[in-house]
Structure formats: C-alpha cells, structure tokens
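Input: a single structure, listed below in structure tokens.
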Amino acid sequence: MSTDPRTRSWVEIQPQALRRNFQRIREAVSGSPAIIPMVKADGYGLGMEQVVQTVEPDDPLGYGVATAEEGIRLRKAGIDRPVIVFSPLPPSSYELAVTHDLTVTISDVDSVERLIDAASRAGVMARFQVEVDTGMGRAGFDWQRVSEWGPAVASFVSDKTSWEGCYTHFHSADTEDDRATIAQWRRFTEALGALEKGSGELTHACNAAASLRYPALQADAVRPGIFLYGGGVGPGVTGPEEVARVRARVTLLRDVSEG
1 MSTDPRTRSW VEIQPQALRR NFQRIREAVS GSPAIIPMVK ADGYGLGMEQ
51 VVQTVEPDDP LGYGVATAEE GIRLRKAGID RPVIVFSPLP PSSYELAVTH
101 DLTVTISDVD SVERLIDAAS RAGVMARFQV EVDTGMGRAG FDWQRVSEWG
151 PAVASFVSDK TSWEGCYTHF HSADTEDDRA TIAQWRRFTE ALGALEKGSG
201 ELTHACNAAA SLRYPALQAD AVRPGIFLYG GGVGPGVTGP EEVARVRARV
251 TLLRDVSEG
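If you're matching positions, the sequence shown starts at 1 in the UniProt record's numbering and goes up one per residue.
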C-alpha cells in the first residue's frame, strides 16, 4: 500500500521563485528603502518558517505578521530581526508580544497603555509602531485627528518604551486609477508632519503593488506581501513568478448526460 502523501493532491512550491520575486521588489524600489516581507497566515499558506529561510540571505529589515503567536514562531525559529505585528492585539496577547520582543501595532491610546503595562510587569522594553488610517478604515488612528492622539501617544515615550515608526496601508494601489493612493499618501505625510519628535524614524506605506507603481511613495521601507507568493499587482504591471501550484491525480473519468 502506498504511503506517498501525493497519491491524491499536493502543492508544489518553488522557493527560488519566491526569492526572485523578493529581489524584483528590491530592484524596483528607489533610494534603497528597507524591505519588510509579510509572512502572515503561515507565509500565505506556504509555510512561514520556510519562507523566512528563503529570503533571509537577502537581508530584509524584519518580518510582518498578523498575530503575536506568529511572531513567537519566528522567534522560536531563531529569527532575531524585528518582527512587527500588524493587526491589533487582543488584551491577552500583549504579554506574549513583549516577552518575545515583538513590535506591536498601536491603533488607539488604550493599546499603548496595555502594552506599557505588560512590558512593565515583564521588565522589558515596550516596542510599538503607530498605524495611521488614511482611508482603509480597518484599523489605525484617524489621520484627521493627529493633533489629539499624537501628543497622547508621545506622552508615553520613555526609556522603557520605543516608538519605532509610523505606517499606513494603501487600499487600492493595484488599480490603474491613482487618485485614492495619491490622496492617502498626502494624508499620511500631513499626519507625519504634525507629529512631535519621538515618533520613530521608520515610515512605510507601500505594499508590492505600490512599490512597483509608485516609486516616489516608498518612504523608509516597503512591505511586499502576496506578490512574493505569486499574486498579481493589477493591470499594467508585469506579475511575479509563479511560486506554488496545486496538483491532483486523476482517479476517475466519467461520461455524463448533458444537464
């Protein structure tokens, strides 16, 4: 009896194609901004640890994940680069994040307080980045209210906290209509200009689509995600190399009547 797991269906993965997609982003961006590959959702289903192992030789700044648990997996895999959790955390996850030296996304003042409390109890540094909502509507501080939340967040900065940067997310950079993306960029830069000192040096907004379509908007870092894994970035831009393919064995052919 066969024990080959490929007797029915399987996924074939080309790691070097993924690496070449990463390198294409690096070649496309101007001014040598840092690259933060997104490896959330188990590396988009291809295996987070395997993805990280593939791109590590290309010296990314760090990695982006969605949960503290994903970040812990990277720490257990031996990754000591910055790991940024890009989704808001449930209250129970702050202690996990700080004890594994993860950088937490902050979208409201309550989140800063929870983070600092967890870090204080653990006796470690509280690291965070601020997400600015410029139109996505998913998470982040409202860019129009920066005069309210900016000073509030800055008041928490101390020798025990590290405000490491600010970012936003373009919601439709993969379309040919550039008006929304340009508007979001303008809002983001306006918010950054209004922030006090202490807001970190790292700013980033571009996913892969924006990196390839809008080279002038790359700030200090870019965050390629689905492009690395073979996902397209919209019309008018050459797509990535194919990284994964689902295959299955044909086990039965049938003739059936129409209808």
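The beta-carbon is built from N, C-alpha and C at its ideal position, and this holds for glycine as well.
Short Cβ contact (8 Å threshold) for residue i with residue j
| i | j | result |
| --- | --- | --- |
| L74 | Y94 | no |
| A205 | W185 | yes |
| H100 | I79 | no |
| P60 | I35 | yes |
| E241 | A28 | no |
| M125 | H171 | no |
| F86 | G62 | no |
| V98 | A77 | no |
| T181 | Y214 | yes |
Paired residues, beta bridge with residue i - DSSP
| i | result |
| --- | --- |
| I84 | G64, T103 |
| V222 | I35, C206 |
| A177 | In the sequence as displayed, the identity of residue 177 is Asp instead of Ala. The partner list for D177 (beta bridge, DSSP) is empty, contrary to what the question assumes. |
| F227 | BP columns for F227 are empty, so no partner. |
| F141 | V132 |
Residue range of the unbroken beta strand (DSSP E) whose run includes residue i
| i | result |
| --- | --- |
| W10 | 9 to 13 |
| E131 | 126 to 133 |
| V246 | 244 to 248 |
Cβ neighbours of residue i in the same chain (closer than 6 Å, five flanking residues each side left out)
| i | result |
| --- | --- |
| G239 | G232 |
| Q14 | V243 |
| W149 | F141 |
| T168 | V132, T134, F188, A205 |
| P88 | S107, A139 |
Boundaries of the alpha helix (DSSP H) in which residue i is found, first to last residue
| i | result |
| --- | --- |
| T161 | Unbroken run through T161 is the beta strand (DSSP E), 161 to 167; no alpha helix (DSSP H). |
| Q50 | 48 to 55 |
| A41 | 40 to 44 |
| L253 | Unbroken run through L253: none, as it is neither H nor E. |
| A122 | 109 to 122 |
| E241 | Premise fails: E241 is in no alpha helix (DSSP H) and is neither H nor E. |
| P151 | 146 to 154 |
Cβ neighbours of residue i in the same chain (closer than 8 Å, five flanking residues each side left out)
| i | result |
| --- | --- |
| M1 | With a pLDDT of 47 at M1, under the threshold of 50, the modelled position of this residue cannot be trusted; read the value that follows with caution. Nothing meets the Cβ criterion. |
| D255 | none |
| S147 | A194 |
Residue i Cβ short of 7 Å to the ligand FMN heavy atom set
| i | result |
| --- | --- |
| T181 | In terms of ligand content, the structure shown is empty, and the ligand FMN therefore cannot be addressed. |
Contacting residues, own chain, Cβ-Cβ under 7 Å from residue i (five flanking each side not counted)
| i | result |
| --- | --- |
| G225 | M38, N207, A208 |
| R8 | A248, R249 |
| R20 | E241 |
| Y44 | I226, Y229 |
task = Pick out the complete alpha helix (DSSP H) segments inside the stretch 191 to 220, 4 residues or longer, and give them in chain order.
result = 208 to 213
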